[in-house]
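Encoded as structure tokens, the structure appears first; notes follow it.
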Amino acid sequence: MTATDTIDAQVLPTPPGPLALLARDGVLVAAGFTTDPEAMFQRLPAALRALPLRRVADLGAPARAVRDYLAGDLRALDAIPVDQPGSPRRQSLLAALRAVPAGTTVSYAGLAERAGLPRTAARAAGGACAQNLIAPFVPCHRVLPSTGGYGGYYYGTPVKEWLLRHEGAV
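One rule links them: number in the numbering used here = place in the sequence shown (from 1) + 228.
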């Protein structure tokens, strides 16, 4: 079996909680604040779920990027390749989301504009964030409602708050 025949998983301790990373052939396909890589695996597209999930001691570059990010290199996560499914519209929103720099935030309407969509596409931007499979590498935590507050976050508001404080955005 080669690396492309498996989804490799590692769980890293982080201050806001355990972070599960799932990669296929060095490309992250899922990441999230959970102790259970299987929960992340179940959110993957069927073609990836058909592959075996294998826990590994060290994923290499993605794990190093998390450690570097936690140590203060806020751009470390940006260098890791990611891949997740979605329509061309969703892909443009995810690309715009990935381009939001650490230490800054954007509104849902602002994210839609960055993706080349009208401000009225704020709901689509929210949907892209809600279905994001690769947090915090695709930093949906940097999107805040224009009405104030933190809004929702798949892994809970305390995790979102911690990430934004760590990045100096709040």
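Beta carbons: idealized from backbone N, C-alpha and C, even for Gly.
Alpha-carbon spacing of residue i relative to residue j, whole angstroms
{"i": "G331", "j": "R351", "result": "23 angstroms"}
{"i": "P346", "j": "L272", "result": "29 angstroms"}
{"i": "G396", "j": "V284", "result": "32 angstroms"}
{"i": "P244", "j": "A274", "result": "30 angstroms"}
{"i": "A188", "j": "A353", "result": "This structure cannot speak to residue 188, because the chain is shown only from 229 to 398."}
{"i": "G384", "j": "A278", "result": "29 angstroms"}
{"i": "A304", "j": "T348", "result": "32 angstroms"}
{"i": "V366", "j": "D253", "result": "19 angstroms"}
{"i": "A363", "j": "D233", "result": "23 angstroms"}
{"i": "G377", "j": "P329", "result": "19 angstroms"}
{"i": "L361", "j": "A299", "result": "24 angstroms"}
{"i": "L391", "j": "T333", "result": "11 angstroms"}
{"i": "T394", "j": "D301", "result": "Note on residue identity: the sequence assigns His, not Thr, to residue 394. Each residue's Cα considered, the two are about 11 angstroms apart."}
{"i": "G380", "j": "G288", "result": "31 angstroms"}
{"i": "A259", "j": "L240", "result": "11 angstroms"}
{"i": "M229", "j": "G314", "result": "No answer about M229 holds up, because its pLDDT of 41 lies below 50 and its placement is not dependable."}
{"i": "E389", "j": "A337", "result": "20 angstroms"}
{"i": "L325", "j": "Q312", "result": "13 angstroms"}
Among the options, the one whose alpha carbon lies nearest that of residue i
{"i": "L247", "options": "G338, P273, A397 and P290", "result": "P290"}
{"i": "E341", "options": "I362, F365, V371 and Y297", "result": "V371"}
{"i": "S374", "options": "L339, A358 and N360", "result": "L339"}
{"i": "S335", "options": "V239, D296, Y382 and C368", "result": "C368"}
{"i": "D286", "options": "A258, R326 and L250", "result": "L250"}
{"i": "R292", "options": "P313, A327, T242 and P280", "result": "T242"}
{"i": "D306", "options": "R393, E389, D296 and L240", "result": "D296"}
Cβ-Cβ distance between residue i and residue j below 8 angstroms
{"i": "F269", "j": "I308", "result": "no"}
{"i": "V387", "j": "F261", "result": "yes"}
{"i": "Y382", "j": "A358", "result": "yes"}
{"i": "A276", "j": "A237", "result": "The question names Ala, but residue 276 in the sequence shown is Leu. Going by C-beta atoms, L276 is not nearer than 8 angstroms to A237."}
Beta-carbon separation (whole angstroms), residue i vs residue j, contact threshold 8 angstroms
{"i": "L256", "j": "V294", "result": "Incorrect: roughly 10 angstroms between the Cβ atoms, too far for contact."}
Q) Would you call the stretch 314–321 and the stretch 263–272 in contact, with 3 or more CB pairs under 8 angstroms? A) no
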